[in-house]
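Number of protein chains: 2
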Amino acid sequence: MTRSTKKAAPIPSVWAREQRRSDQPALSREAIVREAIAMLDADGIEALSMRKLGARLNAGATSLYRHVATKDELMELAVDEVAAEIHVPPADSPDWRAAVTEAAGSFRTTALRHPWLTLVLGQAGLAYLGPNYMSFSERLAALFTAAGFPEPSRAIETVFSYVMGMSNAEAAWLTTVARSGETEADFIARLMPAAQRAAADHTHLAIPHAEVEEATTDPVALRDMKFAYGLEVVLDGLALRLPK
Amino acid sequence: MTRSTKKAAPIPSVWAREQRRSDQPALSREAIVREAIAMLDADGIEALSMRKLGARLNAGATSLYRHVATKDELMELAVDEVAAEIHVPPADSPDWRAAVTEAAGSFRTTALRHPWLTLVLGQAGLAYLGPNYMSFSERLAALFTAAGFPEPSRAIETVFSYVMGMSNAEAAWLTTVARSGETEADFIARLMPAAQRAAADHTHLAIPHAEVEEATTDPVALRDMKFAYGLEVVLDGLALRLPK
DNA sequence: CGCTGGTTGCGCACGCTGTTCGCATGAAGG
DNA sequence: CCTTCATGCGAACAGCGTGCGCAACCAGCG
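Chains A and B, in that order, are what the protein sequence lines are.
With my numbering as the guide, the letters of the first sequence map in order to residues 9 to 252.
With my numbering as the guide, the letters of the second sequence map in order to residues 9 to 252.
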């Protein structure tokens, strides 16, 4: 509590005036974005408000607007900041499939670490031209070009759509789990009876016993496997289109 | 204007009392959901508020809560209503690839007709157990099972993730275009110089001339082609996993 | 040293949101 | 006619993003 901003005196008095404390780093765009990301990660996308964010920075809500034009702009900054965490192997990697798998996995783990990422990305389309996001795109393009694809952007859109769709669904699921306050396995175990009952009328929706087993013991591994499976499918399909 | 709800008299007078008009279908869950979908389609997801929705139905905002528990529930109802528009061919179709292509295309056109669909779907994970959505899942499962996939849910998740990711990106793009008030081709033509300039520093992001040409003349066909391309890739990859 | 101009923080206020509560109305059943 | 019940809704609450104008500070200059 470096600054005690009690509202104390409702009467405007020169004497009872708070001193401007210039001890801490004050307010900066970097600090604001960093704290916003922390709040988004911790409490989800709808828990972030300019007022709460200001409070966490020992500042008033409207002070933020000196460094950030609008809340939407703040979200764009947060997205671009987080985009820096995505690792894309260099274009001269010997094995393009391994390299793409690495990039896709890196995007996924980033999206799961920041479950709001895909939501914000989906809401604003291609309006994100932040430097980190552009360099991410650039590296992807280099990778697919080096792999020998005649139309790399087609291949990129295909694999990226899959990765995005899967990550988005997983992030939404993890958000639901987090809100329940239980572990993923416990949450699944609790919901399973209801799911079985709902699937009872629909012949083809039955869940195999083995999957129920794994979902309640190691749900993380199950999700990892599902993601890897679909990615292999997409890469197999793409490999067919590589000129020999 | 069947009911003129002027606030007229601030003094509660028995004489100046509005007659309860029971001429129109009044208020019903169906009517509310239908009108909500209309508003969502017309003005986007953030333009829908309970007050505006009530006004469109010649009703007060809080009256809606007699038929709908909360706004989130209303969105779930809207999603399920719209899910009925998705067409999935019967399981005994002779050509499974054609059938899946049809289903995927139907999902995409539905998602583009209601650009808020993927947003809502992504925000709430698997919490959607509406009857229409379940029957959609059931039909998909039947289709992939009949096609001969040993683990149909793997295949479904793969192709659905792709379709979802692609549709979401397209819907976001179309929303941006719609907000500009221009046609898609005009919008692209206007943004192209900026895009070229932004890509100038990034060697691998150059956009082929042919694509620029088509994007500014027939953007719809270009998007159709991109979607079809990626879908073929995924289906090729899946076909490799079909037991011969 | 004093003055001045620009930057930064912020209290206030506006219009909007989802939702709760309690009351008033009309229809239905006895 | 009286009672019960479902329905509509006005008022109110807490919260939101954000524009405005003032107060406090810092840098540079005379």
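All C-beta atoms, glycine included, are put in the ideal place defined by N, C-alpha and C.
Check your understanding: Which same chain residues, not among the five before or five after residue 243 (chain B), have their C-beta less than 8 angstroms away from its C-beta?
Key -> 105, 108, 109 and 167
**Study point:** Candidates B:152, B:207 and B:176, of which the one nearest residue 165 (chain B) by Cα
**Key:** B:152
Review point. For residue 252 (chain B), which of helix, strand or coil comes out of DSSP?
Key: coil
**Study point:** Identity of the residue in A:208, A:214, A:221 and A:180 nearest residue 194 (chain A) by Cα
**Key:** A:221
Review point. When the distance is taken between beta carbons, is residue 94 (chain B) closer than 9 angstroms to residue 144 (chain B)?
Key: yes
Review point. Hey, is the segment 77-93 of chain A in contact with the segment 38-49 of chain A, meaning 3+ C-beta pairs nearer than 8 angstroms?
Key: yes
Practice item. Determine the direct distance from the alpha carbon of residue 128 (chain B) to that of residue 99 (chain A), and round the result to whole angstroms. Key: 37 angstroms
**Study point:** Pick from A:209, A:202, A:185 and A:251 that is closest to residue 227 (chain A), judged by C-alpha positions
**Key:** A:185
Point to revise | Residue ranges of each alpha helix (DSSP H) within the segment 186-218 of chain A, 4 or longer | key: 192-208
Review point. At a CB-CB cut-off below 8 angstroms, which residues of chain B make contact with residue 244 (chain A)?
Key: 244, 245 and 248
Review point. Which bits of chain B does residue 169 (chain A) rub up against, with CB to CB less than 7 angstroms?
Key: 170, 173, 174, 177 and 238
Check your understanding: Got a sec: is the Cβ-Cβ distance from residue 234 (chain B) to anything in chain A below 9 angstroms?
Key -> yes
Review point. Any beta-carbon of chain A closer than 9 angstroms to the one on residue 75 (chain B)?
Key: no
Review point. Between residue 95 (chain B) and chain A, is there a C-beta pair that is closer than 9 angstroms?
Key: no
Review point. Any beta-carbon of chain B closer than 9 angstroms to the one on residue 71 (chain A)?
Key: no
Review point. Of all the CB atoms in chain A, is at least one closer than 9 angstroms to the CB of residue 31 (chain B)?
Key: At residue 31 (chain B), the pLDDT of 45 sits below 50, so the modelled position is not reliable; the number obtained from the coordinates is stated separately. So no, residue 31 (chain B) is outside the interface.
Exercise for review: Measure the C-alpha to C-alpha separation of residue 63 (chain B) and residue 179 (chain A) and round it to an integer number of angstroms.
Suggested key: 36 angstroms
**Study point:** Three-state secondary structure assigned by DSSP to residue 136 (chain B)
**Key:** coil
Review point. What does residue 142 (chain B) touch in chain A if you count any residue whose Cβ is under 9 angstroms from its own?
Key: 206, 207, 209, 210 and 213
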